[in-house]
Structure formats: structure tokens, C-alpha cells
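Undergrad: I'd like to ask you about the structure that follows.
Residue numbers (the numbering used here): 2 to 180.
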């Protein structure tokens, strides 16, 4: 924490937007980070003041929908709201983002969660993906599958957890665990 990951990524995003390499960015982060850290960093650093952003967080679904449809080039959302956002744009039959930033990607280590499944559905729609974390090592090696899948779309470890387990782990039939 506090080593400048957010401001570094924001500087790169600003440059990519300026170069027209990307058009719109979706940032997924834990609730407090999404609502406080990202907006604070954009206001704090002078070279980031002109970045247009929207934090998609409101209990009123109409306000939340307006925020998601805003013209801001950077949309920041908390992890729990991702399935809602995916459904919103699926109903509209279009996806407005071409870059994804996942802050604290270690929270996507479980391939069975709703948030991972929502992210997996949209992964192929991004030209660029950036992962951020202060804790790069997963609790277990099994947690690497989901994180790497969201980074490279299955290129390194395959498209399924089953293939990943069969390739890199030994199954203990007595304990039903993997090593």
C-alpha cells in the first residue's frame, strides 16, 4: 500500500487515452478503493485533473444506470456491482469498454464466484488488461488459475480449472485434495 500503484496506472491510462490507443476504461476495485482511492488520486495529482471519471455506485438503480451510461472515459466500479454492469450492457447488446483494470486482483482467485464468472464472460471484449495487487502471491497455487485467466484469457493455463488441475497438480484420492 502507498507505493504509487494507482497513480502509476492512472498516468498510463491518461497517456493511452491521449494517444487514442483506448477509448473507455473499466476499473474494478474493492468498494473502499473504488469510492475513495481512485477518485482521490485523480484529484490529488495535477497531471490527472482532466481525466473524466464516474464511480458507478448508488443504491438507486436509475442513478447507477445513468452513471454507467455517462460519457466519462473511466468508469470505476466495485467488485460486487460487476454482475449488474455486465447484465446492463448485455441487455443493450453492446460493450463500451476496451480496457480493463482490476485493482486487488487477488480477490478474483476463486473461479466459482459470481464476480469471476461475470469477469470471465467479458474478458475477450478488452484489448488491454491490467492487474494490480499489493499481494501478488495467491494463498495457494490453485488461486492462480482465475487470476491468470482474467489476464490472458486462458492462454497460459488453459480455459478450464480441470485442465489446470490435471496439468499442474496431483490429486489425493483419500483426502480429495490437490498438491
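Cβ atoms here follow ideal geometry from the backbone N, Cα and C, with glycine treated the same way.
Is DSSP giving residue 129 helix, strand or coil here?
TA: It is a strand residue.
Undergrad: Quick one: is residue 98 buried, meaning 16 or more other Cβ sit within 10 Å of its Cβ, or exposed?
TA: Residue 98 is buried by the Cβ-count criterion.
Undergrad: Let me know if residue 19 comes out buried or exposed under the rule of 16 or more other beta-carbons within 10 Å of its beta-carbon.
TA: By the 10 Å Cβ count, residue 19 comes out exposed.
Undergrad: Which value, in whole angstroms, describes the spacing of the CA atoms of residue 131 and residue 64?
TA: The alpha-carbon atoms of residue 131 and residue 64 are separated by roughly 28 Å.
Undergrad: Does the beta-carbon of residue 59 have 16 or more other beta-carbons within 10 angstroms, so that it is buried, or is it exposed?
TA: Its Cβ having fewer than 16 others within 10 Å, residue 59 is exposed.
Undergrad: Under 8 Å by Cβ, that's how I've got residue 102 and residue 28 pegged, so tell me the actual separation to the nearest angstrom.
TA: Going by Cβ atoms, the distance from residue 102 to residue 28 rounds to 4 Å, so yes, they are a contact pair.
Undergrad: Going residue by residue through the region 74-158, where are the continuous beta strand (DSSP E) segments of at least 3 residues, counting only ones entirely within it?
TA: With a minimum length of 3 residues, the continuous beta strand (DSSP E) runs that stay inside the region 74-158 are 75-79, 100-104, 129-133.
Undergrad: In or out: residue 54 buried (at least 16 other Cβ within 10 Å) or exposed?
TA: So residue 54 counts as buried.
Undergrad: Let me check understanding here. Comparing Cα to Cα, which of 8, 83, 175, 26 lies closest to residue 74?
TA: That would be 26, whose Cα lies nearest to the Cα of residue 74.
Undergrad: According to DSSP, is residue 175 part of a helix, a strand, or is it coil?
TA: Coil at residue 175, not helix or strand.
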